[in-house]
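In what follows, a single structure is set out as structure tokens and then discussed.
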Amino acid sequence: MAVRPRRWGGMWDALPDAARSIVKELIIHGPQSRTALAKTLHLSTGSLTRLTKPMVDAGLLVEGEVVHDPVNGRPTRPLDVAAAEHRFFGIKLTSDRVHAVVTDLRAEVIAARDEPIADHDPEAVCRQAKRLLDDLSGERPDGRKDGRSDGGRAGATVGAGVTVGGNARASAQVGGEPLVDAPFLGWSQVELAPLMERALGVPCVVKNDVAALAHQHHWFGPGRGLRDFALITIGAGIGYALIVHDHLVAATEADLGMFGHLVLDASGPMCPEGHRGCAAAYLSSWSVEATAGQGLRRAVTYDEVLRLAAAGDRVCRSVVREAAGALGRLIAHVATVSMVKTVVLAGEGVELARLAAADLDRALTADRRGVPGSVDVVVEADDFREWARGGAVVAIQSFVTGSD
Ligand SMILES: [Zn+2]
Numbered sequence: 001m002a003v004r005p006r007r008w009g010g011m012w013d014a015l016p017d018a019a020r021s022i023v024k025e026l027i028i029h030g031p032q033s034r035t036a037l038a039k040t041l042h043l044s045t046g047s048l049t050r051l052t053k054p055m056v057d058a059g060l061l062v063e064g065e066v067v068h069d070p071v072n073g074r075p076t077r078p079l080d081v082a083a084a085e086h087r088f089f090g091i092k093l094t095s096d097r098v099h100a101v102v103t104d105l106r107a108e109v110i111a112a113r114d115e116p117i118a119d120h121d122p123e124a125v126c127r128q129a130k131r132l133l134d135d136l137s138g139e140r141p142d143g144r145k146d147g148r149s150d151g152g153r154a155g156a157t158v159g160a161g162v163t164v165g166g167n168a169r170a171s172a173q174v175g176g177e178p179l180v181d182a183p184f185l186g187w188s189q190v191e192l193a194p195l196m197e198r199a200l201g202v203p204c205v206v207k208n209d210v211a212a213l214a215h216q217h218h219w220f221g222p223g224r225g226l227r228d229f230a231l232i233t234i235g236a237g238i239g240y241a242l243i244v245h246d247h248l249v250a251a252t253e254a255d256l257g258m259f260g261h262l263v264l265d266a267s268g269p270m271c272p273e274g275h276r277g278c279a280a281a282y283l284s285s286w287s288v289e290a291t292a293g294q295g296l297r298r299a300v301t302y303d304e305v306l307r308l309a310a311a312g313d314r315v316c317r318s319v320v321r322e323a324a325g326a327l328g329r330l331i332a333h334v335a336t337v338s339m340v341k342t343v344v345l346a347g348e349g350v351e352l353a354r355l356a357a358a359d360l361d362r363a364l365t366a367d368r369r370g371v372p373g374s375v376d377v378v379v380e381a382d383d384f385r386e387w388a389r390g391g392a393v394v395a396i397q398s399f400v401t402g403s404d
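For the sequence shown, full-length UniProt numbering assigns the number 1 to the initial residue and increments by one for each residue that follows.
Here you go:
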């Protein structure tokens, strides 16, 4: 099977790298004068004008109102990307739900929806995605139809990104197409990207969900402007992604499995795989539910444990404090070994970092030679839209950089 050419269409596929850098700079850092852009990107103003003209003519870049150039004081019209005119569709698949968003070129969410997966067959999931895209393309952020016949705004959907918790990996046998293994969906070696492209009618990128979330933070979140940071996600499993020198460090499913079972205290509780005191034994939703359930002598859900802890329940509070301490140690390990200065926390379990912030801090500081504040810990809100946005972001990045 041949490698499919990238098909963003029009002038886009033939764009030189220097032009792509201009678009990337404007998307991430907002509108700028030509002089400022030329300075940032080490281009002459002549080159910059030559590179931007076809993109302005094609409607990808737009010129703003006249302002005085902050560099030389002369009147200028800052350049910006035509963000609203380019839309991206992002989805995240879990074992039972599909989270979907439509965003603009700056990953601002225009419409979002979260619904159960109707049928786990890959082609049926693609059909469901197509229906969601059609529905969301006519919706406003508050979820109501805006009633306009153009589908809400002049913007056409340019591309799509799908993220899954399983391993999406390239395979030589099928010409570099990513194959998706997602046991929780009953999928093994599914060629999801071409299936999705046929259903949606636009190019589609498939990525691991935690990696996509890291890309999102890097361009549009707390990692913006940072060359190095780590992302830890807490939920059913422990997710990890590392951005070093502006690039995501490639990780296999095995690498991530190792991370989730990193031993933090050899005398700690046991995880389902039989290790004592590994990250999963303290932090996975399964472990938190089991430990709290033992103390309460009844079955409890993860959400309930967090809620009871917030309300001051002694047993749940103690489980959450212990988990937060383990998270502090895990962050210390990550920061010490990778030498990043910022660690972003996300996922359904981030609430424990807020509920027991002092325990997290204490453990983190203790494992960083007692130096307080040596790592900037950013706790993100747990919101399904953020995960789906990660899908839109990997599509935007592929569109802008010309690679997956
Ligand atoms: Zn373990």
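Every residue, glycine too, gets a C-beta built ideally from N, C-alpha and C.
Since we're looking at a predicted model, the values are computed, not measured.
Return helix, strand or coil for residue i, following the three-state DSSP convention.
i	result
serine 188	strand
isoleucine 91	strand
cysteine 278	strand
threonine 301	coil
cysteine 316	helix
histidine 68	strand
threonine 252	coil
aspartate 135	helix
cysteine 126	helix
arginine 113	strand
histidine 245	coil
glycine 257	helix
alanine 107	coil
arginine 148	Its pLDDT being 43, under 50, arginine 148 is placed unreliably in this model, and the coordinates cannot settle the point.
alanine 84	coil
glycine 143	Residue confidence for glycine 143 is low, a pLDDT of 47 falling below 50, so the modelled location carries little weight and cannot support an answer.
glycine 46	helix
proline 75	strand
methionine 55	helix
valine 288	helix
valine 206	strand
Locate the alpha helix (DSSP H) running through residue i, then write down its first and last residues.
i	result
histidine 218	209-220
aspartate 361	357-366
leucine 61	Taken as a continuous stretch (DSSP letters only), leucine 61 belongs to no alpha helix (DSSP H), being part of the beta strand (DSSP E) at 61-63.
histidine 99	Histidine 99 -> not in any alpha helix (DSSP H); beta strand (DSSP E) instead, spanning 97-103.
alanine 346	Here alanine 346 belongs to no alpha helix (DSSP H); instead the beta strand (DSSP E) covers 342-346.
glycine 30	Element bounds for glycine 30: n/a, residue is neither H nor E.
tryptophan 8	Counting along the chain, tryptophan 8 falls outside any alpha helix (DSSP H), and DSSP gives it neither H nor E.
With a threshold of 6 Å, establish whether the CB of residue i neighbours any heavy atom of ligand 1.
i	result
threonine 275	The residue asked about is misnamed: residue 275 is histidine in this sequence, not threonine. Because some heavy atom of ligand 1 lies under 6 Å away, the Cβ of histidine 275 counts as near it: yes.
histidine 333	no
cysteine 126	no
alanine 323	no
alanine 280	yes
cysteine 316	no
cysteine 271	yes
histidine 42	no
histidine 29	no
histidine 261	yes
What's the C-alpha gap between residue i and residue j?
i	j	result
leucine 51	leucine 43	10 Å
alanine 199	lysine 24	28 Å
threonine 342	glycine 155	35 Å
isoleucine 117	leucine 192	16 Å
glycine 223	arginine 106	15 Å
alanine 353	leucine 283	11 Å
serine 137	valine 288	39 Å
glycine 364	alanine 332	Reading off the sequence, residue 364 comes out as leucine, not glycine. Near 5 Å, if we compare the C-alpha coordinates of alanine 332 and leucine 364.
proline 122	valine 190	8 Å
valine 66	proline 31	12 Å
lysine 53	proline 70	22 Å
cysteine 126	leucine 93	11 Å
valine 344	leucine 231	5 Å
alanine 111	valine 101	6 Å
leucine 262	alanine 279	6 Å
valine 206	threonine 163	6 Å
glycine 293	leucine 185	28 Å
alanine 290	histidine 218	35 Å
valine 400	valine 393	10 Å
alanine 311	leucine 360	19 Å
Does ligand 3 have even one heavy atom less than 6 Å from the beta-carbon of residue i?
i	result
alanine 290	Inclusion of ligand 3 in the displayed structure is not the case, the ligand content consisting of ligand 1 alone.
For the beta strand (DSSP E) containing residue i, name the first residue and the last one.
i	result
proline 178	178-182
aspartate 376	376-379
valine 263	First-last for valine 263: undefined, no H or E at that position.
leucine 79	79-81
leucine 231	229-234
glycine 161	156-164
Taking one C-beta from the region 22-41 and one from the region 63-78 each time, how about it: are there three or more such pairs within less than 8 Å? yes
Between the region 232-241 and the region 202-219, do three or more beta carbon pairs fall short of 8 Å? yes
Flag this pair as touching only if the region 247-257 and the region 326-334 have three or more C-beta atom pairs under 8 Å; answer yes or no. Segments in contact, no.
Touching or not, the region 130-140 and the region 55-72, by the rule of three or more beta carbon pairs under 8 Å? no
If contact is defined by three or more beta carbon pairs under 8 Å, each pair taking one atom from either stretch, is the region 329-338 in contact with the region 382-391? no
Are the region 12-28 and the region 76-90 touching by the rule of at least three beta carbon pairs closer than 8 Å? yes
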